[in-house]
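Below you'll find the structure, written out as structure tokens, and then a few comments.
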Amino acid sequence: MKTYYLGIDNGTTGTTALLLDENWEQAGRGYCPLTQVYPADGWVEQDAEEIFRSVLEAVTAACKDAGAQPQQIVCLGLDNVGETVVLWDRRSGKPLCNAIVWQDRRTAKTCDAMKEEHGDFVMKRAGVHIDPYFSATKIRWML
Numbered sequence: 069m070k071t072y073y074l075g076i077d078n079g080t081t082g083t084t085a086l087l088l089d090e091n092w093e094q095a096g097r098g099y100c101p102l103t104q105v106y107p108a109d110g111w112v113e114q115d116a117e118e119i120f121r122s123v124l125e126a127v128t129a130a131c132k133d134a135g136a137q138p139q140q141i142v143c144l145g146l147d148n149v150g151e152t153v154v155l156w157d158r159r160s161g162k163p164l165c166n167a168i169v170w171q172d173r174r175t176a177k178t179c180d181a182m183k184e185e186h187g188d189f190v191m192k193r194a195g196v197h198i199d200p201y202f203s204a205t206k207i208r209w210m211l
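Going by this note's numbering, the first residue of the sequence shown is number 69, and it counts up by one from there.
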């Protein structure tokens with residue numbers, strides 16, 4: 069039985085899945101676009117269920133393109149958009165709200181206030197500026 073390696077790139081605007089054969093040649097490709105939601109100025113969200121479906125659709129399309137069955141996949145590599153945050157119900161596994169995407173700036177005022185008081189400390193300890201890009205203030209906002 070032929071075997072395949074699967075790579076999934078879940079990006080901001082879509083999900084791409086590539087199947088590579090034993091010789092590392094591309095055997096199949098699938099792509100599914102993603103919708104961004106802009107509920108307010110500076111806010112950027114995505115439907116977490118849509119993100120999940122986009123992965124399934126892209127992988128299904130890549131398998132179809134290669135004439136492969138899922139059980140032939142022996143390895144998976146996944147990359148995902150950094151600093152995008154989603155909360156889900158641990159019982160149902162369903163998202164509690166839309167994912168807040170890395171470009172979202174809704175926590176800018178919170179970050180500015182934190183920078184005033186703790187900016188130097190965070191820079192010395194973590195090596196980064198306090199910024200809405202990072203996940204912590206997004207999680208705080210969601211909770």
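A virtual CB, placed ideally from N, CA and C, is assigned to each residue, including glycine. Please read all numbers here as calculations on a predicted model, not as lab measurements.
Practice task
Leaving out five residues on either side along the sequence, give the residues of the same chain with a beta carbon under 8 Å from the beta carbon of Ile207.
Solution key: Locating residue 207 in the sequence shown gives position 139, where the first residue counts as 1. Once the five neighbours on either side are set aside, the close Cβ partners of Ile207 are Val153, Leu155.
Handout entry: Backbone secondary structure at Asp89 - three-state DSSP
Key = One-based indexing of the sequence shown puts residue 89 at position 21. If DSSP states are grouped into helix, strand and coil, Asp89 belongs with coil.
Practice task
Report the partner residues of Arg97 according to the DSSP bridge assignment.
Solution key: Counting from one through the sequence shown, the residue named residue 97 turns up at place 29. Leu86, per the DSSP bridge assignment.
Handout entry: Pro66 - partner residues in DSSP beta bridges
Key = A query on residue 66 cannot be resolved here, the shown segment of the chain reaching from 69 to 211 and no further.
Problem - Distance CB(Leu146)-CB(Ser122) smaller than 8 Å - result: To locate residue 146, count along the sequence shown from 1; it is residue 78. To locate residue 122, count along the sequence shown from 1; it is residue 54. Cβ atoms of Leu146 and Ser122: not closer than 8 Å.
Problem - Cβ distance (whole Å) where Val105 is taken to contact Glu113 below 8 Å - result: Start at 1 with the first residue of the sequence shown, and residue 105 comes out as number 37. Start at 1 with the first residue of the sequence shown, and residue 113 comes out as number 45. Rounded, the Cβ-Cβ distance is 4 Å, consistent with contact.
Handout entry: Alpha-carbon spacing of Arg174 relative to Cys165, whole angstroms
Key = Against the sequence shown, residue 174 aligns to sequence position 106. Against the sequence shown, residue 165 aligns to sequence position 97. Approximately 15 Å between the Cα atoms of the pair.
Practice task
Return the residue from the list Gly79, Val169, Met69 that minimises the CA-CA distance to Ala126.
Solution key: What you label residue 126 is simply residue 58 of the sequence shown in a count that begins at 1. Taking only the C-alpha atoms, the option nearest Ala126 is Gly79.
Handout entry: Beta-bridge partners of Gly75, as assigned by DSSP
Key = Locating residue 75 in the sequence shown gives position 7, counting from the first residue. BP columns for Gly75 point to Leu86, Gly145.
Exercise for the section: For the segment 83 to 99 and the segment 126 to 136, state whether three or more C-beta atom pairs, one from each stretch, are separated by less than 8 Å. Expected result: yes
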